[in-house]
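Numbering (the numbering used here), first residue to last: 37 to 303.
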């Protein structure tokens, strides 16, 4: 009879009983539908003491045989069974999907999206102290304007395939919130320039918008503005394949109080 030796004597002597855990941490039919492994930093990477190998059928009387690798189909996806053996740990078995590099990249991308910080905007003059006909500088902190990468991988009979997905900020957009009375969104490349007193009030910024109307025209007395970053998402596989995924936009909301400057003339 052919069976899978999930409790072989050798394994039991060295590491205790061999178990197979599912993706939620519980034993289900002694197998796991594993999906794709994702790491966000070096500490998440697979230990060098662990070895992955494609499982093969075992014969109850003959021991492990030279049969074909173990596979199964779930819907339209093919899975192959793998052994994961780590020094000092119980051997586990995983059903790994046979997927393309792009599918691995999409799994990593879902983690990348969660790691992108909100692009809270800064303004000069401050958001609640704006003036008409005076350029409003806007920018985000440099720490926000950094690529975010996540690496995902799956074992294969030829060795692991890794795919790194990276989200890179490419442009900053201000929706000033003044609607048809304004000149529309202002887009600039880069995080903008932080205004300081040393710069003064005369120099322009590549990320600057000039309001022509007071926000008092709205019942709230404010313009509902937003600052957004557009991120380009790309991936690169250890096989040499590369590709792109749809851009991602993150935004933050800001209430702008824009006043009309009143000059006082005395004789």
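Quick reminder that beta carbons are idealized off the backbone N, C-alpha and C, glycines included.
Same chain only: Cβ atoms within 6 Å of residue i, ignoring 5 sequence neighbours per side
i: residue 106; result: 91, 117
i: residue 278; result: 272
i: residue 141; result: 199, 201, 271
i: residue 222; result: 210, 245
i: residue 225; result: 207
Three-state secondary structure (DSSP) of residue i
i: residue 160; result: strand
i: residue 248; result: coil
i: residue 151; result: helix
i: residue 297; result: coil
i: residue 87; result: strand
i: residue 123; result: coil
i: residue 179; result: coil
i: residue 138; result: helix
i: residue 112; result: coil
i: residue 291; result: strand
i: residue 97; result: Because residue 97 carries a pLDDT of 46, less than 50, the predicted location of this residue cannot be relied on, and the following value inherits that uncertainty. Looking at residue 97 - three-state DSSP - the assignment turns out to be coil, as it is neither helix nor strand.
i: residue 146; result: helix
i: residue 218; result: coil
Cutoff 8 Å; reference residue i; Cβ partners in own chain excluding five residues on either side
i: residue 257; result: 251, 293
i: residue 284; result: 149, 152, 203, 266, 267, 269
i: residue 297; result: 167, 168, 169, 170
i: residue 161; result: 167, 170, 172
i: residue 137; result: 197, 199, 271, 273, 275, 277, 279
i: residue 114; result: 107, 108, 133, 134
Own chain residues within Cβ distance below 7 Å of residue i, not counting five before or after
i: residue 191; result: 88, 118, 132
i: residue 205; result: 181, 265, 267
i: residue 288; result: 154, 155, 156, 157, 262, 263
i: residue 145; result: 201, 269, 281
i: residue 260; result: 213, 289, 291
Exposed unless 16 or more other CB atoms sit within 10 angstroms - verdict on residue i
i: residue 243; result: buried
i: residue 239; result: exposed
i: residue 154; result: exposed
i: residue 127; result: buried
i: residue 143; result: buried
i: residue 159; result: buried
i: residue 219; result: exposed
i: residue 185; result: buried
Which parts of the stretch 237 to 284 are runs of the beta strand (DSSP E), unbroken and 3 residues or longer, counting only runs that do not cross its ends?
244 to 246, 259 to 273
Counting Cβ pairs, one atom from each stretch, are 3 or more of them under 8 Å apart for the stretch 181 to 188 and the stretch 233 to 240?
no
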